[in-house]
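*Asks:* Quick mapping for you: the protein sequence lines, in order, are chains A and B. Position one of the first sequence corresponds to residue 2 (the working numbering), numbered consecutively onward. Position one of the second sequence corresponds to residue 2 (the working numbering), numbered consecutively onward.
Protein chains: 2
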Amino acid sequence: MSEIRQDPTTKEWVIIAPERAKRPQHMPKRMLAHELPSWEESCPFCPGNESQTPDEVLRFPPSAQGSAWEVRVVPNRFAALSLSGNLTRREEGHLFRKMDGVGVNEVIIETPSHNTPIALMTREQVEKVLVAYQQRYNTLKENRQLKFITIFKNHGWASGTSLIHPHSQLVATPLATTYYRRKFDVAVDYYDNVGRCLYCDLIAEELRRGERIIAETKEFIVLHPFASRVPYETWIIPKRHCASFGLCPATGLTELSTVLRDTLLCLHRGLDNPAFNYMFDTSTTEDEEDPYYHWHIRIVPRLTTIAGFEMGSGIYINTALPEDTAKVIKKMLNSLKKGAPYPDQHALSDTMATGA
Amino acid sequence: MSEIRQDPTTKEWVIIAPERAKRPQHMPKRMLAHELPSWEESCPFCPGNESQTPDEVLRFPPSAQGSAWEVRVVPNRFAALSLSGNLTRREEGHLFRKMDGVGVNEVIIETPSHNTPIALMTREQVEKVLVAYQQRYNTLKENRQLKFITIFKNHGWASGTSLIHPHSQLVATPLATTYYRRKFDVAVDYYDNVGRCLYCDLIAEELRRGERIIAETKEFIVLHPFASRVPYETWIIPKRHCASFGLCPATGLTELSTVLRDTLLCLHRGLDNPAFNYMFDTSTTEDEEDPYYHWHIRIVPRLTTIAGFEMGSGIYINTALPEDTAKVIKKMLNSLKKGAPYPDQHALSDTMATGA
């Protein structure tokens with residue numbers, strides 16, 4: 002049984018899970034998608050190797066037999082959390098607070114194809130991935146022990162992934178995460194002062210300015226945020242107020258499949274298949290209807306390494322202006338829409354980072 | 002001129018410094034100290050290449066001529082901040098707040114020897130480095146524009162360093178960092194509730210329990226914190242209450258030189274010269290005399306990569322219990338004191354991380 006512990010000096014929580022030290026690392030020499038095979042015998046996520054993962058909790062299409070699946074969701078074999086255990090906080094003295102590592106950690110295997118990341122998928126396949134995310138989200142939130150559900154992707158070795166086959170993960174924790182709580186507090190404070198949702202106002206202001214907007218569709222905007230922490234950091238925000246990804250309507254997911262795929266395709270081509278993480282920032286399962294928070298996706302390319310200054314200060318040093326990077330990506334996206342050839346990828350190098 | 006920007010959703014600050022994109026990267030294939038030469042012709046920090054850095058702001062011994070120095074402090078040639086500029090916050094609309102990138106970024110070149118990290122230095126040399134840190138700290142704090150001074154080290158490529166020659170850095174910012182402010186707020190809250198310094202209480206409690214303590218000297222304790230974020234995270238805390246590293250007495254620095262060197266030597270031998278960062282967590286320059294905060298050093302080995310879950314949640318997944326890692330390092334430290342041979346380095350592997 003792992004533990005979740007609270008640092009008495011920061012109030013931040015840490016999952017202590019010694020079991021995870023045993024999980025394997027698959028580390029081929031290269032990560033370029035076009036150099037990978039479409040099927041890899043030793044990959045536990047490739048068709049034919051279904052027995053190497055725990056039993057599925059979701060399969061698309063549901064009736065698919067054997068290896069004829071399109072998307073699978075399985076428990077993480079090396080999960081840091083499990084549903085057995087006790088949520089009662091225990092205190093050792095008055096400083097050290099802890100609880101059992103209760104929670105869920107699942108893997109979304111996004112495609113049978115070993116070498117087709119979201120950037121290169123059909124729109125329909127991306128939509129299936131998003132529907133799988135949301136179905137698992139909405140199923141898990143029924144368990145009232147689970148207060149917060151983080152959906153995220155690690156793509157490329159520098160992102161912290163240990164397997165290259167396209168997949169993402171879902172972690173459900175029995176407490177609101179510190180990152181969310183901080184953002185929530187800021188949003189509540191804004192709402193109390195101004196009387197409106199911070200993110201709704203942000204969208205309106207960014208649209209008015211235009212200089213950091215990559216794309217606007219009926220339901221979403223894509224932008225490089227004002228205070229981007231790293232070059233090419235990208236946010237995708239639904240235009241309509243909604244605190245939770247779990248409540249995004251089906252039409253929204255359909256539209257999002259294009260928006261997400263095209264955004265990642267620009268990064269893939271423009272930065273030569275960079276390592277990146279994306280995270281779905283959403284409300285707690287108990288705050289889904291609230292007027293303060295507003296779900297969104299953060300995409301963070303891993304072109305630089307988080308170093309001592311960032312760790313010591315919480316302040317990131319970004320080597321690119323978001324207004325500049327937005328211009329580059331916007332141009333690529335417009336070419337993409339017109340079916341025109343992409344600008345030379347080296348056009349991006351002037352605004353690229355080389356380390357913090 | 003770079004900019005410092007505040008993210009309206011997190012209130013966190015980011016330095017936007019496009020100029021830094023131009024700095025060079027020296028990336029040899031290996032990082033093991035014993036495989037490096039003691040002098041490297043192309044290294045800007047090696048003796049004889051002094052002209053490749055900006056003019057020194059400090060040199061030990063002060064009278065040393067030419068290349069006969071022991072420690073040098075120079076402005077970072079690719080500094081993200083500079084002392085020209087305006088501290089006035091500017092607002093674009095009511096959401097986007099920014100100010101000029103005012104501040105100082107210096108490099109402490111810790112030794113003329115290209116291949117002698119702190120772990121392998123003489124105690125006397127480490128003391129010179131610590132004295133240089135403190136002299137620069139206390140000189141810079143006289144500038145009332147500078148509110149916070151972060152001293153940190155990036156060791157090894159995975160730590161985010163771009164040069165292998167032993168060095169550390171100092172960044173002075175015109176505002177308290179978000180990381181500090183969060184810790185400060187927690188400490189003030191504790192003080193208001195309990196009437197004592199949080200860290201003084203933490204030291205007493207850890208000493209009483211003993212299970213996470215690596216070493217105790219007259220002036221310092223070394224421990225693996227209760228909620229360690231990564232395996233072998235190590236804190237060095239002065240036992241006497243003191244908010245600021247700038248006020249640490251000379252006798253404290255003398256003792257710290259042994260404590261810091263031996264702690265890093267254990268990591269160096271036990272984890273085969275791992276990449277790591279260390280950070281001096283200290284008060285703002287305006288809070289140096291306060292009863293709430295208590296300066297300390299955090300050493301964070303970079304055995305794992307920060308991935309999507311950590312970025313999305315603020316929650317780290319640690320694969321080792323600090324009580325276990327503390328036991329391993331304590332044993333090594335005791336062997337070191339007795340001059341006995343070190344336990345086989347593979348003894349550490351059971352508790353080592355393999356990624357989050």
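Each residue gets a CB set at the ideal place from its N, CA and C atoms; glycine is no exception.
#1: Between the beta-carbon of histidine 297 of chain B and the beta-carbon of isoleucine 237 of chain B, is there less than 8 Å?
#2: Is the shortest distance between the beta-carbon of aspartate 202 of chain A and the beta-carbons of chain B less than 8 Å?
#3: Between methionine 312 of chain A and chain B, is any beta-carbon pair separated by less than 8 Å?
#4: Could you work out which residue in A:His242, A:Arg241, A:Leu203 is closest to leucine 224 of chain A when comparing CA atoms only?
#5: Helix, strand or coil, according to DSSP, for proline 302 of chain A in the structure here?
#6: Per DSSP, valine 132 of chain B forms a beta bridge with which residues?
#7: Any chance you could list the beta strand (DSSP E) runs of at least 3 consecutive residues sitting entirely within the stretch 210-268 of chain A, in chain order?
#8: Does DSSP put arginine 137 of chain A in a helix, a strand or coil?
#9: Cβ closer than 7 Å: which chain B residues qualify as neighbours of glutamate 206 of chain A?
#10: Could you tell me if histidine 95 of chain A is buried or exposed, where buried requires 16 or more neighbouring beta carbons within 10 angstroms of its beta carbon?
#11: Any Cβ of chain B within less than 8 Å of the Cβ of asparagine 1 of chain A?
#12: Where does the unbroken alpha helix (DSSP H) through phenylalanine 61 of chain A begin, and where does it stop?
#13: Kindly indicate if chain A contains any beta-carbon less than 8 Å away from that of serine 83 of chain B.
#14: Does the beta carbon of asparagine 50 of chain B sit closer than 8 Å to a beta carbon anywhere in chain A?
#15: With a cut-off of 8 Å, does the C-beta of isoleucine 316 of chain A fall near any C-beta of chain B?
#16: Mind pulling the chain C residues with CB within less than 9 Å of valine 301 of chain A?
#17: Run through DSSP, which three-state label would glutamate 92 of chain B get?
#18: Which one of A:Glu42, A:Gln126, A:Leu37 has the shortest CA to CA distance from glutamate 1 of chain A?
#19: Using a Cβ cut-off of 8 Å, which residues of the stretch 278-289 of chain B contact any Cβ in chain A, in chain order?
#20: Please work out which residues of its chain come closer than 6 Å, Cβ to Cβ, to tyrosine 265 of chain B, disregarding the five sequence neighbours upstream and downstream, and give them in chain order.
#21: Determine the direct distance from the alpha carbon of leucine 171 of chain A to that of tyrosine 134 of chain A, and round the result to whole angstroms.
#22: So, at 7 Å on beta carbons, what are the nonlocal neighbours of arginine 124 of chain B in its own chain, with the 5 sequence-adjacent residues on each side left out?
#23: Should serine 114 of chain A and serine 39 of chain A be called a contact, given that it needs their Cβ atoms to be closer than 8 Å?
#24: For valine 189 of chain B, which residues of its own chain have a beta-carbon under 6 Å away from its beta-carbon, when the five flanking residues on both sides are left out?
#25: Cα separation between serine 229 of chain B and serine 85 of chain B?
#26: So for asparagine 278 of chain A, helix, strand or coil by DSSP?
#27: For proline 55 of chain B, I'd like the list of residues in its chain whose CB is within less than 7 Å of its CB, leaving aside the five on either flank, ordered along the chain.
#28: Assuming alanine 276 of chain A and glycine 161 of chain B form a contact by the criterion Cβ under 8 Å, report the distance between their Cβ atoms to the nearest whole angstrom.
#29: Enumerate in chain order the residues of its own chain whose CB-to-CB distance from serine 64 of chain B is below 8 Å, with the five nearest sequence positions on each side excluded.
#30: Among A:Gly340, A:Lys99, A:Glu324, A:Thr140, which one has its Cα closest to the Cα of glutamate 234 of chain A?
#31: Using a beta-carbon distance below 8 Å, is glycine 271 of chain B in contact with chain A?
#32: Could you pull out every unbroken beta strand (DSSP E) segment of at least 3 residues lying fully inside the stretch 149-215 of chain B, listed in chain order?
#33: Between which two residues does the alpha helix (DSSP H) carrying valine 103 of chain A extend?
#34: Are the C-beta atoms of tyrosine 180 of chain A and some chain B residue less than 8 Å apart?
#35: Please tell me whether glycine 247 of chain B has its Cβ less than 8 Å away from any Cβ of chain A.
*Replies:* Let me spell this out:
#1: Walking along the second sequence from the start, residue 297 of chain B turns up at place 296. Walking along the second sequence from the start, residue 237 of chain B turns up at place 236. In contact: histidine 297 of chain B and isoleucine 237 of chain B (Cβ atoms closer than 8 Å).
#2: Here residue 202 of chain A is taken as the residue at index 201 of the first sequence, counted from 1. It does: the Cβ of aspartate 202 of chain A has a partner Cβ on chain B nearer than 8 Å.
#3: Counting from one through the first sequence, the residue named residue 312 of chain A turns up at place 311. Closer than 8 Å to some Cβ of chain B, the Cβ of methionine 312 of chain A qualifies, so yes.
#4: One-based indexing of the first sequence puts residue 224 of chain A at position 223. Ranking A:His242, A:Arg241, A:Leu203 by Cα distance to leucine 224 of chain A puts A:Leu203 first.
#5: Along the first sequence, read from residue 1 onward, the residue named residue 302 of chain A stands at position 301. Correct three-state label for proline 302 of chain A: strand.
#6: As a first step, residue 132 of chain B is located in the second sequence; it is residue number 131 there, counting from the start. BP columns for valine 132 of chain B are empty, so no partner.
#7: 214-217, 221-224, 235-239
#8: Mapped onto the first sequence, residue 137 of chain A falls at position 136. Helix.
#9: Along the first sequence, read from residue 1 onward, the residue named residue 206 of chain A stands at position 205. Per Cβ cutoff of 7 Å: Gly94, Leu96.
#10: Mapped onto the first sequence, residue 95 of chain A falls at position 94. Classification of histidine 95 of chain A: exposed, given that the 10 Å Cβ count is below 16.
#11: An answer regarding residue 1 of chain A cannot be provided, because it is not within the stretch 2 to 357 covered by chain A.
#12: Counting from 1 along the first sequence, the entry for residue 61 of chain A is found at position 60. Counting along the chain, phenylalanine 61 of chain A falls outside any alpha helix (DSSP H), though it belongs to the beta strand (DSSP E) covering 59-61.
#13: For this step, residue 83 of chain B is matched to residue 82 along the second sequence. By this cut-off, serine 83 of chain B is not an interface position.
#14: Here the question's residue 50 of chain B lines up with position 49 in the second sequence. For asparagine 50 of chain B, the answer is no, since every Cβ of chain A falls outside 8 Å of its Cβ.
#15: Position 315 of the first sequence, counting from 1, holds the residue named residue 316 of chain A. Cβ-Cβ to chain B under 8 Å: yes for isoleucine 316 of chain A.
#16: In the structure shown, chain C cannot be found, because the protein chains are A and B.
#17: For the purposes of this step, residue 92 of chain B is identified with residue 91 of the second sequence, where counting begins at 1. Reduced to three states, the DSSP call for glutamate 92 of chain B is strand.
#18: Outside the modelled stretch of chain A, which goes from 2 to 357, sits residue 1 of chain A, for which no answer is possible.
#19: Asn278, Tyr279, Met280, Phe281, Asp282
#20: As a first step, residue 265 of chain B must be located in the second sequence, where it is residue number 264. Here the sequence assigns leucine to residue 265 of chain B, which means tyrosine is not the residue at that position. Within the same chain, leucine 265 of chain B has close Cβ partners Ile119, Ala120.
#21: Position 133 of the first sequence, counted from the first residue, corresponds to residue 134 of chain A. Position 170 of the first sequence, counted from the first residue, corresponds to residue 171 of chain A. When rounded, the distance between both Cα atoms is 8 Å.
#22: As a working mapping, residue 124 of chain B is identified with position 123 in the second sequence. Counting only Cβ-Cβ distances below 7 Å, and skipping sequence neighbours, we find Ser258, Thr259, Arg262.
#23: In the first sequence, residue 114 of chain A corresponds to position 113, counting from 1. In the first sequence, residue 39 of chain A corresponds to position 38, counting from 1. The answer is yes: Cβ separation under 8 Å.
#24: Counted from its first residue, the second sequence places residue 189 of chain B at position 188. For valine 189 of chain B, where only same-chain residues beyond five positions count, the Cβ hits under 6 Å are Tyr293.
#25: Sequence index remark: in the second sequence, residue 229 of chain B carries index 228 (1-based). Sequence index remark: in the second sequence, residue 85 of chain B carries index 84 (1-based). Spanning the two alpha carbons is a distance of roughly 39 Å.
#26: Here residue 278 of chain A refers to the residue found at position 277 of the first sequence. Note: asparagine 278 of chain A maps to strand in three-state DSSP.
#27: Start at 1 with the first residue of the second sequence, and residue 55 of chain B comes out as number 54. These residues qualify, in order along the chain: Val75, Pro76, Arg78.
#28: Locating residue 276 of chain A in the first sequence gives position 275, where the first residue counts as 1. Locating residue 161 of chain B in the second sequence gives position 160, where the first residue counts as 1. Rounded, the Cβ-Cβ distance is 15 Å, inconsistent with contact.
#29: Here residue 64 of chain B refers to the residue found at position 63 of the second sequence. Closer than 8 Å at the Cβ level, and outside the excluded window around serine 64 of chain B, lies no residue.
#30: Stepping through the first sequence from its first residue, residue 234 of chain A is reached at position 233. Looking at the Cα atoms, A:Glu324 is the closest of the given residues.
#31: In the second sequence, the residue the question calls residue 271 of chain B occupies position 270. It does not; no Cβ of chain A falls within 8 Å.
#32: 149-156, 168-174
#33: Here residue 103 of chain A refers to the residue found at position 102 when the first sequence is read from its first residue. No alpha helix (DSSP H) holds valine 103 of chain A; DSSP gives it neither H nor E.
#34: Here the question's residue 180 of chain A lines up with position 179 in the first sequence. True, the Cβ-Cβ gap to chain B drops below 8 Å.
#35: If you number the second sequence from 1, residue 247 of chain B lands on position 246. No, glycine 247 of chain B lies away from the interface with chain A (no Cβ there is under 8 Å from its Cβ).
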